[in-house]
Structure formats: C-alpha cells, structure tokens
Amino acid sequence: MGDASEYWAVKMKARVTVTLKSGILDPQGKAIEGALKSLGVDGVASVRQGKVFDIELSGADKAKAEAALKDAADKLLANTVIENYRVELL
Numbered sequence: 003m004g005d006a007s008e009y010w011a012v013k014m015k016a017r018v019t020v021t022l023k024s025g026i027l028d029p030q031g032k033a034i035e036g037a038l039k040s041l042g043v044d045g046v047a048s049v050r051q052g053k054v055f056d057i058e059l060s061g062a063d064k065a066k067a068e069a070a071l072k073d074a075a076d077k078l079l080a081n082t083v084i085e086n087y088r089v090e091l092l
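Just so you know, the sequence shown maps onto residues 3 to 92 in the numbering used here.
Printed below as a string of structure tokens:
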C-alpha cells in the first residue's frame, strides 16, 4: 500500500480514440460490416473500426495531461500517417 500522498492524489480519466483517416481502406471494418449483415442487422451502410484507450492519470493539470496524451498519441497510440485521434478528458 502507498503512503497518504498517493491516496489523496488527484486522478483524471481520459479517452484517446484512434480512427482511420477518410480514404484509407479498412478491411477489418468491411469484414465486420459483412458479418453484421449476415446476422440480419438491418440498415448497416458501412463500418469503420478503430481503437479506444481509456487512461487514468495522476495530477490535476488538465492542459498538461492533454498535451502529454497528444504527444503519446503522436508517438505511440496512433500511426498519424493513416490514423486520426481524439483526446478527451473525462
């Protein structure tokens, strides 16, 4: 168990959503689309797949946390050549 300062540390939750850029082929999305249609799900026009990262951070500085998450997305979480990302502090 940590000390009292760990217990009282402010926690922030964030979500980083990564999606393929428009115009990039999405074979996994196409496969899911076909599977949904074969299951009888009506009205499926198209499916694009992506990734969601739910991240818990220590600290209270929202601007600093957002900047750190954008840096992480640029360097690790997203391939910015073919993917977009969105950072949300929850």
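Glycine included, C-beta positions come from ideal geometry on N, C-alpha and C.
To the nearest angstrom, how far is it from the Cα of residue 97 to the Cα of residue 19? The structure shown does not extend to residue 97, since the chain spans only 3 to 92, so no value can be given for it.
Do residue 26 and residue 49 have their C-beta atoms within less than 7 Å of each other? Residue numbering aside, residue 26 sits at position 24 when the sequence shown is read from its first letter. Residue numbering aside, residue 49 sits at position 47 when the sequence shown is read from its first letter. With contacts defined as CB atoms closer than 7 Å, residue 26 and residue 49 fail to qualify as a contacting pair.
According to DSSP, residue 60 sits in a beta bridge with which residue or residues? Sequence index remark: in the sequence shown, residue 60 carries index 58 (1-based). Residue 60 is bridged to 13.
In the structure shown, what three-state DSSP assignment does residue 31 receive? Within the sequence shown, the letter at position 29 stands for residue 31. When secondary structure is reduced to three states using DSSP, residue 31 falls in the helix class.
Any idea what DSSP makes of residue 41, helix, strand or coil? Position 39 of the sequence shown, counting from 1, holds the residue named residue 41. The answer is coil: DSSP assigns residue 41 none of H, G, I, E or B.
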